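Below is one structure, written out as structure tokens; comments come after it.
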Amino acid sequence: MRLSEWEVKMDARFALIRVHDESIRRYQRLLNTRLTDLEREYIESRISEARSTLQSILEARGETRFRKIADHGAGTTEC
């Protein structure tokens, strides 16, 4: 069965959402390890970038119901 153009776009969007969410989780796990201040700063900036990109993807179609994904782990970057 062939997917419609809409289904292909939605699959791509969900894949992007999943990738950024997984990146955020991976970076948060790294924050629980021993890091130098420079490493911690870099990882925190990557988390911020990933959250921002994820929020942009979600807002591209005015979707707010997935907002919780973008906020996943908010406030957990401080150790």
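Just so we're aligned, residue 0 is where the sequence shown starts under numbering that gives the first Met the number 0, counting upward by one. By construction, the Cβ of each residue, glycine as well, lies at the ideal position given by its N, Cα and C atoms. Note that the coordinates shown come from a computational prediction; the quantities given were computed from them, not determined experimentally.
Looking at C-alpha atoms only, which residue of Leu57, Ile42, Leu2 is the closest neighbour of Arg24? Ile42
Between the C-alpha atoms of Arg28 and Asp36, what's the straight-line distance to the nearest angstrom? 16 angstroms
Helix, strand or coil at Thr52 according to DSSP, with G and I counted as helix: helix
Beta carbon of Arg39: closer than 7 angstroms to some heavy atom of the ligand SAH? This structure does not include the ligand SAH; it has no bound ligands of any sort.
Which one of Leu30, Arg33, Tyr26, His19 has the shortest CA to CA distance from Ser51? His19
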